[in-house]
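Residue numbers (this note's numbering): -14 to 92.
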């Protein structure tokens, strides 16, 4: 998963707030079947948008403060951030085309 960054409280400022490109965050939990099913799509998005956008994953079990800061109540939740602001959010599964469209709006 070289095109995917694991986002933590420690690296959030650098990889998300400091990003010059749009950032897709996939809030997931390891026990979540829908998250597991979405994972290959997220990996594909990371490869497709490599160099144009940042793709990150946030384990909500390990990064509770980040999940709380984003008001995550259900996983998977996808959030696109650009310029430090939340631009779009999607709760539940999504197709590669839907996720791509979320990112394309910010490119």
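The beta-carbon is built from N, C-alpha and C at its ideal position, and this holds for glycine as well.
Across the structure, residue 80 and residue 39 are spaced so that their CA atoms are roughly 18 Å apart.
DSSP places residue 89 within a helical segment (H, G or I) once states are collapsed to three.
Put simply, the segment 56 to 65 touches the segment 4 to 15. At least three CB pairs are less than 8 Å apart.
For residue 67, the secondary structure class from DSSP, reduced to helix, strand or coil, is strand. Here residue 26 is buried: its Cβ has 16 or more other Cβ atoms, across all protein chains shown, within 10 Å. Judged by pairs of C-beta atoms under 8 Å, the segment 61 to 75 touches the segment -5 to 9, as three or more such pairs exist. In the structure shown, the three-state DSSP call for residue 11 is strand. Around the Cβ of residue 21, a 10 Å sphere holds fewer than 16 other Cβ atoms; the residue is exposed. Residue 18 counts as exposed, since fewer than 16 other beta carbons sit within 10 angstroms of its beta carbon.
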